[in-house]
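Protein chains in written order, with full-length UniProt numbering: chain S, 1 to 129; chain G, 1 to 129. So the structure is just underneath, and the comments pick up after that.
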C-alpha cells in the first residue's frame with residue numbers, strides 16, 4: 001500500500017508513491033550519511049590529506065571505520081586514493097570531481113548544523129529538565 | 001595530537017585542530033543523518049502527515065525505528081507532534097520552523113543524490129566486475 005499525495009510527488013528520491021527501499025538513491029544516501037561519511041567528505045573538501053591527518057582531524061574515528069568509510073567512498077567514485085612512490089610509503093586521499101559536487105551540498109548542511117547545534121541541544125536539555 | 005592545517009580552519013564544525021568527538025554539532029549531525037532521519041525530514045517537508053502515511057511513504061522503516069526517529073527529531077525541535085482530539089485518535093507530524101530550515105539544506109543534497117545515484121552505483125558495479 002502506498003500513499004497517494006500530490007504534495008510528495010516532487011520530493012527527490014520519491015518514486016511510485018513511496019521512497020523505495022531497494023533503489024540506488026537509498027544506497028548512496030546510506031553511504032554518504034553513514035556514521036563517518038559526512039565528516040570524511042567534509043574534511044577532504046579542504047584538499048588532499050594523508051591517512052594520519054584524516055585520522056587525527058576526525059576525532060573518535062577508529063582505524064577500521066576510517067578504512068571502511070574510505071573504501072566505500074572510493075568505490076562510489078567520491079574519493080581518490082593515491083599511493084605515492086616514496087619511502088616511507090605514503091597514501092594521499094582527495095575528492096574527485098563527483099566528490100566535490102557532493103561536498104558542495106554537504107557544506108551548507110553542516111554549516112547550518114554547526115551554527116544551530118548549541119541552541120538545539122541546550123533547548124532539548126532544558127525541555128527534559 | 002591535532003592537525004595544524006590552515007586549509008581546514010574554515011570547515012563548519014572544525015574546532016581546535018579537529019572535528020571534536022564530544023560536541024553539540026556532532027550530536028545533531030548524528031541525529032539528522034541517522035539511518036532514517038534524512039528520509040523522515042524530507043518526507044515531512046511536503047507538509048503535515050499522519051503516522052501511517054509516514055510509515056507507508058518511507059518503505060522499509062519499522063514501527064520501532066519510525067517512533068524512535070520521530071522522538072529524537074521532536075526533542076531536537078525539528079518536528080511538531082500534534083494529537084488531534086478526534087475519534088479514532090489521530091496524530092499529525094509536521095516540521096517546525098527549525099525543521100524547515102534544516103530540510104531546506106537536505107533537499108539539495110538528496111536531489112543531487114537522486115540525480116546521480118544510478119551512475120554512481122552502476123559505475124561501482126562495472127568496476128568490480
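All C-beta atoms, glycine included, are put in the ideal place defined by N, C-alpha and C.
Check the Cβ of residue i against every Cβ in chain S and list those closer than 9 Å, keeping chain order.
i	result
residue 117(G)	13, 23, 24, 25, 26, 27, 28, 29
Residues of chain G with a CB under 9 Å from the CB of residue i: which are they?
i	result
residue 45(S)	11
What does a CB cutoff of less than 8 Å around residue i pick up in its chain, not counting 5 residues either side in sequence?
i	result
residue 58(S)	36, 39, 40, 43, 66
residue 55(G)	61, 63, 66
residue 100(G)	45
residue 33(G)	none
Enumerate in chain order the residues of its own chain whose CB-to-CB distance from residue i is below 7 Å, with the five nearest sequence positions on each side excluded.
i	result
residue 106(S)	38, 41, 42
residue 76(S)	28, 31
Which residues in the same chain as residue i place their Cβ atom closer than 6 Å to its Cβ, once the five residues preceding and following it in sequence are excluded?
i	result
residue 83(G)	91
Rounded C-beta distance between residue i and residue j? I'm assuming under 8 Å.
i	j	result
residue 47(S)	residue 7(G)	5 Å
residue 95(S)	residue 103(S)	6 Å
residue 25(S)	residue 113(G)	6 Å
residue 20(G)	residue 111(S)	Wrong, their Cβ atoms sit about 16 Å apart, outside the cutoff.
Note down, in chain order, every chain S residue with its Cβ under 7 Å from the Cβ of residue i.
i	result
residue 92(G)	Those within 7 Å of residue 92(G) in chain S number zero; the least Cβ separation is about 13 Å.
residue 102(G)	112
Residue i versus chain S: which residues are under 8 Å apart at the beta carbon?
i	result
residue 88(G)	Under the 8 Å cutoff, chain S gives no residues; its nearest Cβ is about 18 Å from residue 88(G).
Determine the chain G residues that contact residue i at a beta-carbon separation under 7 Å, and present them in chain order.
i	result
residue 132(S)	Missing from the structure shown is residue 132(S); chain S here goes from 1 to 129 and no further.
residue 105(S)	108, 109, 112
residue 57(S)	3, 8, 18, 19
residue 33(S)	33, 38
Assign residue i to one of three DSSP states: helix, strand, or coil.
i	result
residue 76(S)	coil
residue 34(G)	coil
residue 25(G)	helix
residue 61(G)	coil
residue 11(S)	coil
residue 83(S)	strand
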